[in-house]
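Contents: one structure, followed by commentary.
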C-alpha cells in the first residue's frame, strides 16, 4: 500500500517516524514548509515534495484543523482512502471523490520530545469495514491500543484531552511563573507533580483531591488571593469555585 | 532525641512511616482520632495516646492549618523544639514557651498510596542555627532534598504547589467526569497525561503548550463550549482566556 503523509508539523513528523520505525515505508511526505519537510526527509529517509503530490492508496492529512478542508481538495485521486488526524472534525470535512476517514492519535506531540508510540491510543472512523480493517491494521503496527470511534465520541475524547493535557500544561506554565518570580527553582515541584499524576492510576482523582479549597480553608484561600493577580487570580478563583461545588462545600 | 508526632492524618502517617523506615524511632503519636492512631500505631509499632502527651525534645504538629494554633497550646514543655508542617503558616502561629519552627514537606499525601520519601523536598525554618541543624539532619535521614526557607518564600512554594498539584488533580477529576458521561474509559488518557508531565522535565511548560486555545482555533473553542456547562464551562473559558493572554493572542 502506497502511503503519503501531508503536513510537516508535530503530528506529521511523529506519525512518519512511528511508521518508519515499524517498517512501514512512506511514498512521500508532502507539504508547504520546505525547510521542515527537508529535515523530516533527511532524518527518516522519505521523499518529500512541496509541488507534486505522489500517487497513493492512502493519504494521511496531518495539518491544523483549520486547514484540513482546503488541503483535502488537492487530493484528486479517485478510489484512494483519505484520513485526517483531528480530534474534533468529522470525516465529512474532507472534500473529494475518495473514501473518507479519521485516524486520530490521542497524544500531545512536540518534535523535540521522543515518544513511546506503542502506548498511544488510535481512534479510527471509516466509511466501510474494509477501510476500517486497513487503518486498524496499520495503526496496530504502531500501537497496542487501536479502537473504532464515531465522530460524536471523538469530540468528547478531544474535549477530555484538553482538560487533562492542554489545561494541565497551562497550570504548570502559570505555576512556574509564580515560582520564577520568587526565584524558587521549578524543579522542586517535579516530585510533587509526578506523584499527583501517579496517584490517579491508583485512586480516583475525585478521592485524591487535596489542598485548601477541598479543606474549605478560608484563611489560606484569602491569603493566596492576595498573592495573585490578573489571569492567575482568575484561575485560582474559578478552580476553587469548581472544587467547592464538586464536594458540595459552602 | 525524643520525638513525638501530633496528628493522625495523611501527613502524620507518612512522616511517621518515613521516620520509622529510616531507623528514627518515635516516642509517641498523639491525637484525637483513636481509630486512626491505633491503625498507625499497629502498622508502625509506635506508642499512641489521645490523653497524655509524652515528654519529648521535638514535637512535630501534623494537623490541618486551622487547628495548628490550638494544638500548639497543649505542648507545655519548655525548651522543647516544636515544628508545624504547614506551607502557609508562619512559625509564630505556635503558642507556647518553646522554640518554634516549620518543617514543611512539599508533597501530596494519601494514606493508601506509597511514596518515595527520598524525593520529597523539605523546607525548614527555625529560630536559631542549632535548631536549623537539628531539623536539617533529621529531614536528611528521610530525603535527599532539604532546604532552609523563610515563611515568605514558603507561602509562594505552597501557592505554586496548589496550581501544579491541587488544581491539576481537579482538572483530572473534571476530565474524568466528561469522559465518564460518554462511557469513555479514563485509562485511555493516562499515556497522554504521563507524556504531558514527562515533557515538562525537558521542555519549558510555556513552550510545550498545545491545544485549540494556543492555536487560536475559534471553531473548536466554540464547539467545545457547546458541549460543556456549569463549572466545567467556567474552567474552559477561564483557562483559554489565560492561555490566550500568555501567548498574546486576540
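Residue numbers (the UniProt record's numbering), protein chains in the order written: chain A, 1 to 250; chain B, 1 to 250. The beta-carbon is built from N, C-alpha and C at its ideal position, and this holds for glycine as well.
Under the Cβ criterion of 9 Å, residue 219 of chain A is counted among the residues facing chain B. For residue 219 of chain B, the uninterrupted alpha helix (DSSP H) segment begins and ends at 218 to 227.
The criterion of a C-beta distance shorter than 9 Å is not satisfied by residue 84 of chain B and residue 120 of chain B.
In this structure, residue 211 of chain B lies near residue 169 of chain A, with their beta-carbon atoms less than 9 Å apart.
DSSP lists B:5, B:83 as the bridge partner or partners of residue 60 of chain B. A straight-line Cα-Cα distance of about 16 Å links residue 142 of chain A and residue 132 of chain A. Under the 8 Å Cβ criterion, the segment 216 to 224 of chain A does not count as touching the segment 10 to 29 of chain B, having fewer than three qualifying pairs. The alpha-carbon of residue 51 of chain A is positioned some 12 Å away from that of residue 37 of chain A. A straight-line Cα-Cα distance of about 22 Å links residue 148 of chain B and residue 224 of chain A. Among the residues of chain B, those whose CB is under 9 Å from the CB of residue 65 of chain A are 212, 215, 217, 219, 220, following chain order. Taking C-alpha positions only, residue 177 of chain A is separated from residue 116 of chain A by approximately 30 Å. For residue 99 of chain B, the enclosing beta strand (DSSP E) covers residues 99 to 105. Looking only at B:79, B:35, B:48, B:113, the smallest Cα-Cα distance to residue 101 of chain B is reached by B:79. Excluding five sequence positions before and after residue 236 of chain A, the CB atoms of its chain that fall closer than 7 Å to its own CB belong to 224, 225, 228, given in chain order. Shown here, residue 49 of chain A sits in a strand according to DSSP, grouped into three states.
Assignment of beta-bridge partners to residue 146 of chain B by DSSP yields B:122.
With contacts defined by Cβ atoms closer than 9 Å, residue 104 of chain B and residue 82 of chain B do not form a contacting pair. CA-to-CA, the gap between residue 40 of chain B and residue 3 of chain B works out to about 16 Å. When the alpha-carbon of residue 34 of chain A is set against those of A:165, A:93, A:7, A:86, the nearest one is in A:7.
Taking a Cβ-Cβ threshold of 7 Å, the residues of chain A close to residue 153 of chain B are 182, 184, in chain order. Neighbours of residue 99 of chain B in chain A, taken as residues at a C-beta separation under 9 Å, are lacking, since the least C-beta distance is about 24 Å. Contact of residue 174 of chain B with chain A is assigned, a C-beta pair being separated by under 9 Å. Counted as a single uninterrupted DSSP element, the beta strand (DSSP E) harbouring residue 28 of chain B occupies residues 28 to 30. Our two residues, residue 57 of chain A and residue 122 of chain B, have alpha carbons roughly 59 Å apart in a direct line. Taking C-beta atoms under 8 Å as the contact rule, residue 206 of chain A and residue 246 of chain A qualify, at a distance of about 7 Å. Classified as exposed, residue 250 of chain B has fewer than 16 neighbouring CB atoms from the shown chains inside 10 Å of its CB. Closest in C-alpha terms to residue 112 of chain A, from the list B:195, B:234, B:241, B:28, comes B:195. Close partners of residue 50 of chain B in chain A (Cβ separation under 9 Å) are lacking, with about 22 Å as the shortest Cβ gap. Taking 9 Å as the CB threshold, residue 250 of chain B stays off the interface with chain A. Any Cβ of chain B closer than 9 Å to the Cβ of residue 205 of chain A would place that residue at the interface, and such an atom is present. Counting every other CB atom within 10 Å of its CB across the protein chains shown gives residue 43 of chain A a total below 16, marking it as exposed. A residue is called buried once 16 or more other Cβ atoms fall within 10 Å of its Cβ, and residue 45 of chain B, having fewer, is exposed. For residue 175 of chain A, the enclosing alpha helix (DSSP H) stretches over residues 168 to 181.
Under the DSSP assignment, residue 154 of chain B falls in the alpha helix (DSSP H) whose first and last residues are 151 to 161. Taking a 10 Å sphere around the C-beta of residue 191 of chain A, we find 16 or more other C-beta atoms and assign the residue as buried. Interface criterion met: the Cβ of residue 223 of chain A is under 9 Å from a Cβ in chain B.
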